[in-house]
Amino acid sequence: MLTWRWFAARFGGAVLTLLGVTVVVFVVLRTIPGDAVTASLGTESGTLTPAQRESLNHYYGIDKSWFEQLWTWISGIAHGDLGLSTTSGKAVTELLGTALPVTVEIAALAALMGTAAGIVLGVLAGARAGRTSDTATQGAALVGLAIPEFVVGTAVVTILAEVFSYFPSTGTFIPMTNSVSENLSQVFYPSLVLAIPFAANVMRTTRSEYVEMAEADYVRTARGKGLHPGRIRRAHILRNATIPIVTLTGIQFGYLLGGTVIVEQIFALPGMGRLLLTSITNRDYPVVQGTVLVIAVLFVLVNLIVDLLYRAIDPRTRAA
Amino acid sequence: MSIQPLVTEAEPVPASAPAATRSRLLARVWRDRNGRVGLIVTGFLVLVAVLGAVGAVPHDPIAQHPDDRLQGPSATYWFGTDQFGRDIAARVAVGIWTSLRVAVLSVAIATVIGSLLGICAGFFRGWVDQVVSRFVDILFAFPAILLALAVVTALGTGWQNTAIAIAVVYTPIFARVSRGPTLSVGNAEYIKAQRVLGTPLPRVMLRHVLPNVSAPIVVQVTLALSWAILTESSLSFLGLGTQPPAASLGLMVSDARSTVANAWWTLTFPALAIVVAVIALNLLGDGLRSALDPRRESRS
Amino acid sequence: MTDKLTKARTGPHENGAPMSDTGAAPRPTGDPVLTVRGLRTAVRTASGPLEILRGVDLDVARGETVAVVGESGSGKSFTALSIAGLLPAGADVTGGSVLLEGRDLVPLPEDERRKVRGAEIGMVYQDPMTSLNPVMRIGKQVTEGLRAHGWSKEDAHERALEVLGEVGLPSPRALMRQYPHQLSGGMRQRVLIACALAPRPKVLIADEPTTALDVTIQQQILGTVARLRDEYGLAVVWITHDLGVVARIADRVAVMYAGRVAELSRTRSLFTEPQHPYSSGLLRSLPTPEHPHQALLPQIGGAPILLSDLPPGCPFAARCPQRADRCTREEPPLVNRGSASAACWFPPHEWKNTPMEVTSHAQGA
Chain A
1 MLTWRWFAAR
11 FGGAVLTLLG
21 VTVVVFVVLR
31 TIPGDAVTAS
41 LGTESGTLTP
51 AQRESLNHYY
61 GIDKSWFEQL
71 WTWISGIAHG
81 DLGLSTTSGK
91 AVTELLGTAL
101 PVTVEIAALA
111 ALMGTAAGIV
121 LGVLAGARAG
131 RTSDTATQGA
141 ALVGLAIPEF
151 VVGTAVVTIL
161 AEVFSYFPST
171 GTFIPMTNSV
181 SENLSQVFYP
191 SLVLAIPFAA
201 NVMRTTRSEY
211 VEMAEADYVR
221 TARGKGLHPG
231 RIRRAHILRN
241 ATIPIVTLTG
251 IQFGYLLGGT
261 VIVEQIFALP
271 GMGRLLLTSI
281 TNRDYPVVQG
291 TVLVIAVLFV
301 LVNLIVDLLY
311 RAIDPRTRAA
Chain B
1 MSIQPLVTEA
11 EPVPASAPAA
21 TRSRLLARVW
31 RDRNGRVGLI
41 VTGFLVLVAV
51 LGAVGAVPHD
61 PIAQHPDDRL
71 QGPSATYWFG
81 TDQFGRDIAA
91 RVAVGIWTSL
101 RVAVLSVAIA
111 TVIGSLLGIC
121 AGFFRGWVDQ
131 VVSRFVDILF
141 AFPAILLALA
151 VVTALGTGWQ
161 NTAIAIAVVY
171 TPIFARVSRG
181 PTLSVGNAEY
191 IKAQRVLGTP
201 LPRVMLRHVL
211 PNVSAPIVVQ
221 VTLALSWAIL
231 TESSLSFLGL
241 GTQPPAASLG
251 LMVSDARSTV
261 ANAWWTLTFP
271 ALAIVVAVIA
281 LNLLGDGLRS
291 ALDPRRESRS
Chain C
1 MTDKLTKART
11 GPHENGAPMS
21 DTGAAPRPTG
31 DPVLTVRGLR
41 TAVRTASGPL
51 EILRGVDLDV
61 ARGETVAVVG
71 ESGSGKSFTA
81 LSIAGLLPAG
91 ADVTGGSVLL
101 EGRDLVPLPE
111 DERRKVRGAE
121 IGMVYQDPMT
131 SLNPVMRIGK
141 QVTEGLRAHG
151 WSKEDAHERA
161 LEVLGEVGLP
171 SPRALMRQYP
181 HQLSGGMRQR
191 VLIACALAPR
201 PKVLIADEPT
211 TALDVTIQQQ
221 ILGTVARLRD
231 EYGLAVVWIT
241 HDLGVVARIA
251 DRVAVMYAGR
261 VAELSRTRSL
271 FTEPQHPYSS
281 GLLRSLPTPE
291 HPHQALLPQI
301 GGAPILLSDL
311 PPGCPFAARC
321 PQRADRCTRE
331 EPPLVNRGSA
341 SAACWFPPHE
351 WKNTPMEVTS
361 HAQGA
């Protein structure tokens, strides 16, 4: 059964990993030459009086030692305070609050579409293993994995604009609660672009698992019972193939979050990826720090969920 | 206590023994259909990249020809020209060079450091394993491109920095891939015997552990190369990799965004180069995998 | 004698028609439920079809166990698969008949065949550790076969509880909710037997079901199957290479060689007076009190025959100490010799007194 001890251990591990992530992000960003003051004021910082400089250093909290800054940051996180943006002066949490839903929606929709398409195609190919349609599907999957999102994204935007004279509304994000259709018109295409490599990966795993499971002894038993082939496929082959597919989906989700950086840029959507790129360009470290941290949290969280799911669908993992 | 010579140097290596020499390995890859295609195409791309690097291309990849802007493919400009009238064929060749250079450097760094970490973790276990595994977990908590972005932010742009950023991303993969086999080999009697006999540790690891973990590492190298090409071009596309006016496949796709509607070739050829390179390396990886794993070979 | 043999040679095996008077003796003890006649099965290969079964004859009566023994490659497992209609892709029955209570199953379309499978012919397989679906509860694995054959949910549940008890599993109600990994190998094999017996089939085909189990468990399972055979009036076909199991469970034995039945005897007479030199060789390699650790798998000198490269005449000729000229020219048919049938030109009393070269591999010892 699903023990609390297991959950506590797994959750504790996740928290520890995230603490490590926090430190890594902090350290990486502190190795950058120049500091927040020079970054926000540019060359003007040279004209500052020592007193002004000192008060600004104090304002940005960079007059303290690294260790103190790290401590300030971590204890800030614990209080839900990620600091202030050095460019806009807004709270990082506020910026993340508006950007996060966009990214989560794109990634979730892409994962949904990719998983569905990948499983269907994988089963179709697996059931016809060795035939021409199988080879063709596998070839398509390989191409789907090899085409970078920025190429597909660029092609999709161009085709939408040139062929269909359709420009997805950009700039401000329309949440699903305001208008489902307008929200989807913004999110659908970027999700589609991300779903392609995702589907290709799921398809490949589904196919190989299907082919392997179809030869399993328990499938022979099921055939001996006189079950309908459709039932054998669903209850025996697919049910067992789901386990590695779920694991793959978790691993792939990180890749998906990375991909949002690119599609948000191409489709001009104000999500985490765009926020990150802008803050990198502006050397707005608190925002970079916060964004990277939140994406890592998201990733770790998804993998925690996948682990739970995995234990729910595979009874063998529950023995302890 | 009488000590018998437990093993000799000739003790057969258990499990997957990739004792095959380089030439034999290549011959086995060649026999695999996927491996053969991968080998041929990769070889061709390397040739093109070298030609691009030494400047043996019909046009200067950076020279602008204002009169020949956005020309379609022709005998003069095989792949057409971009919005500055630069030869796309030459820029693709140089772009492949740029990508391969970054990919090879980054994967080399990741392979050496990652494998070393993984082998040490698997060999010494205990706290070494704990520290390495934790570190690997932390790096795995970042989506690949995000980690690369963070490192590029810290180091700045430039191809060496891009390579380092990508190396950071793929180091944990090599650590994980080499740790598992080391764990199982490290327990083998003949390894224990070597340690009892007082063979110096680096020698044990180099002569006895490394051959046993090299098979999965070799396969991983080809796959990582293909991912590295994707990551490099993505970074360049975002403006954080190779900087203009230098030619890079990702940068060319980024430039093509404004021209592709009227000049399809500006997007198509650099995109094709990326796709072909990635597929070729994947096929090569498939070929290597079946060449190094007899079980898989017999099944396919 | 000669006349009869000559007639038989051109007889049933070539055209796969049901055997008549030269048929498999001795007659089964009761009314035959399963009758296999001249069964031929071929596998498609790159170099054309390869015959795995070259005319198999067999019949099994209610409450009777017929063991099918032979080396690997003799076609014993293919016999089981052909009867059940579970041949792998690329293998087809090319001739002969499989009669279930007089109805020929071979020409039936797959949909009809599926209704027979499970419902009237139950199958139990070799490896209990992998033959149960790891992610499905035991209860479901027993009831799904019943549901496929039209049982209502409630009836299927009741029947599953009943049959799990019948195969000797404790507390069936709790067991229904468990998963395979929670059971031992012997328990899993009992679950598989319960799955096969739940729809009350007429025929049970067991393909080496006890090989993977240790000897004590094996004995218990053999006892259970024998008891259920009597209770259900089952016709049991037991595929095995273990002559110890044969002695324990079988009423009659079919010894297979190169895709055909070489000898069909009552179990007792096979052990006392084998009618085929091959059976004789098998028996000599059995463990004796002096050599208790001889192999479970008897090995006879000479390499097993290659079906792809079958010489003319008797397929066993090359390894046979009794070989005569005729053996390399004409293949002997399976003929009735009173207590048994054998596919050999010479009855035992005409055999030369040359001991067969017997080697054994101490497997499973």
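Chains as they are written, first to last, in the UniProt record's numbering: chain A, 1 to 320; chain B, 1 to 300; chain C, 1 to 365. The beta carbon of each residue, even a glycine, is placed where N, CA and C say it ideally should be. Model, not experiment: these values are computed from the prediction.
Measuring CA to CA, which of Leu45(B), Val92(B), Val48(B) and Gly35(B) is closest to proline 61(B)? Nearest C-alpha to proline 61(B): Val92(B).
Contact set between valine 143(A) and chain B, taken where Cβ atoms lie within less than 8 angstroms: Going along chain B in sequence order, the residues near valine 143(A) (Cβ under 8 angstroms) are Val275 and Ile279.
Is the shortest distance between the beta-carbon of glutamate 149(A) and the beta-carbons of chain B less than 9 angstroms? Interface criterion met: the Cβ of glutamate 149(A) is under 9 angstroms from a Cβ in chain B.
Listed from N- to C-terminal order along the chain, which residues in the stretch 161-189 of chain A have their beta-carbon within a distance smaller than 8 angstroms of any beta-carbon of chain B? So the close ones are Ala161 and Glu162.
Report buried or exposed for leucine 47(B), applying the criterion of at least 16 other Cβ atoms within 10 angstroms of its Cβ. Under the 10 Å beta carbon count, leucine 47(B) is surrounded by fewer than 16 other beta carbons and is classified as exposed.
Would you kindly work out how many angstroms separate the C-alpha atoms of tryptophan 97(B) and arginine 223(A), rounded to a whole number? Answer to the nearest angstrom: the Cα atoms are 55 angstroms apart.
Kindly examine the ligand MG and report whether one of its heavy atoms sits closer than 8 angstroms to the Cβ of valine 177(B). Absence of the ligand MG from the depicted structure is noted, as is the absence of any ligand whatsoever, leaving it without description.
Can you say whether proline 66(B) is buried or exposed, counting buried as having 16 or more other CB atoms within 10 angstroms of its CB? Per the 10 Å Cβ criterion, exposed.
Three-state class that DSSP yields for phenylalanine 44(B) in the structure shown: The answer is helix: DSSP assigns phenylalanine 44(B) an H, G or I state.
Given that a residue counts as buried once 16 or more other Cβ atoms are within 10 Å of its Cβ, and exposed if not, what is tryptophan 265(B)? Classified as buried, tryptophan 265(B) has 16 or more neighbouring CB atoms from the shown chains inside 10 Å of its CB.
For valine 180(A), count neighbouring Cβ atoms within 10 angstroms of its own Cβ and tell me buried if that reaches 16, exposed if not. Around the beta carbon of valine 180(A), fewer than 16 other beta carbons lie within 10 angstroms, which makes this residue exposed.
Determine the direct distance from the alpha carbon of leucine 292(B) to that of proline 347(C), and round the result to whole angstroms. Going from the Cα of proline 347(C) to the Cα of leucine 292(B) covers about 56 angstroms.
Using a Cβ-Cβ cut-off of less than 8 angstroms, list which residues of the stretch 237-249 of chain A approach chain C; keep chain order. Flagged, chain order: Arg239, Asn240 and Ile243.
Beta-carbon of glycine 145(C) versus every beta-carbon of chain A: anything under 9 angstroms? Cβ-Cβ to chain A under 9 angstroms: yes for glycine 145(C).
In or out: tyrosine 166(A) buried (at least 16 other Cβ within 10 Å) or exposed? With fewer than 16 Cβ atoms within 10 Å of its Cβ, tyrosine 166(A) is classed as exposed.
Would you say leucine 308(A) reaches chain C, if we count a Cβ-Cβ gap shorter than 9 angstroms as a contact? No, leucine 308(A) lies away from the interface with chain C (no Cβ there is under 9 angstroms from its Cβ).
Please list the residues of the stretch 150-184 of chain B that have a C-beta atom closer than 7 angstroms to any C-beta atom in chain A, keeping them in chain order. Correct list: Ala150, Val151, Thr153 and Ala154.
What are the boundary residues of the alpha helix (DSSP H) that glycine 241(B) is part of? Segment: none, glycine 241(B) is in no alpha helix (DSSP H) and carries neither H nor E.
Just to confirm before moving on: does the CB-CB distance between valine 151(B) and isoleucine 164(B) stay below 9 angstroms? Yes, they are a contact pair.
Between the CA atoms of valine 219(B) and arginine 274(A) - distance to the nearest angstrom: Looking at the two C-alpha atoms, the distance is approximately 35 angstroms.
Rank Gly259(C), Gly75(C), Arg177(C) and Val167(C) by C-alpha distance to the C-alpha of glycine 195(C) and give the top, closest one. The sequence shown places cysteine at residue 195(C), rather than the glycine named in the question. The residue with the shortest Cα to Cα distance from cysteine 195(C) is Val167(C).
Roughly how many angstroms separate the alpha carbons of proline 333(C) and arginine 200(C), rounded to a whole number? Computed Cα separation, rounded: 36 angstroms.
With a CB to CB cut of under 6 angstroms and the five nearest residues on each side skipped, what residues in its chain are close to methionine 213(A)? The beta carbon of methionine 213(A) lies closer than 6 angstroms to those of Ile237, Asn240 and Ala241 in the same chain, with the five residues before and after it left out.
Buried or exposed: which applies to tryptophan 66(A), given that a residue is buried once 16 or more other Cβ atoms fall within 10 Å of its Cβ? With fewer than 16 neighbouring CB atoms inside 10 Å of its own CB, tryptophan 66(A) falls in the exposed class.
Residue-chain proximity (threonine 132(A), chain B), Cβ-Cβ < 9 angstroms: It does not; no Cβ of chain B falls within 9 angstroms.
Report buried or exposed for histidine 59(B), applying the criterion of at least 16 other Cβ atoms within 10 angstroms of its Cβ. With 16 or more other Cβ atoms within 10 Å, it is buried.
From the DSSP output, in three-state form, read off valine 179(C) for me. In the sequence as presented, valine is not what sits at residue 179(C); that position holds tyrosine. Coil, per DSSP.
Mind checking who tryptophan 238(C) pairs with in its DSSP beta bridge? Ala67(C) and Ala206(C).
Selection from Ser178(B), Gly250(B) and Val209(B) that minimises the alpha carbon distance to tyrosine 190(B): Tyrosine 190(B) has its Cα closest to that of Val209(B), out of Ser178(B), Gly250(B) and Val209(B).
Would you say tyrosine 255(A) reaches chain C, if we count a Cβ-Cβ gap shorter than 9 angstroms as a contact? No, tyrosine 255(A) does not count as interfacial toward chain C.
Anticipated Cβ contact below 8 angstroms, alanine 99(A) with serine 191(A), distance rounded: With 8 angstroms as the limit, alanine 99(A) and serine 191(A) do not qualify as a contact, their Cβ atoms being about 16 angstroms apart.
Taking the beta carbon of proline 245(B) as the centre, do at least 16 other beta carbons fall within 10 Å, making it buried, or is it exposed? With a threshold of 16 other beta carbon atoms within 10 Å, proline 245(B) falls short and is exposed.
Cβ pair valine 84(C), methionine 123(C) closer than 9 angstroms: Per the sequence presented here, residue 84(C) reads as alanine, with valine not at that position. Yes, the Cβ-Cβ distance between alanine 84(C) and methionine 123(C) is below 9 angstroms.
Kindly give me the distance between the Cβ atoms of phenylalanine 26(A) and alanine 141(B), rounded to whole angstroms, as I take these residues to be in contact under 8 angstroms. At roughly 14 angstroms, the Cβ-Cβ gap does not stay under 8 angstroms, so phenylalanine 26(A) and alanine 141(B) are not in contact.
Collapsed DSSP secondary structure at proline 286(A) in the structure displayed: Here proline 286(A) sits in helix by DSSP.
Hey, alanine 271(B) and valine 253(B) are a contact pair by Cβ (cut 8 angstroms); roughly how many whole angstroms apart? Correct: roughly 6 angstroms between the Cβ atoms.
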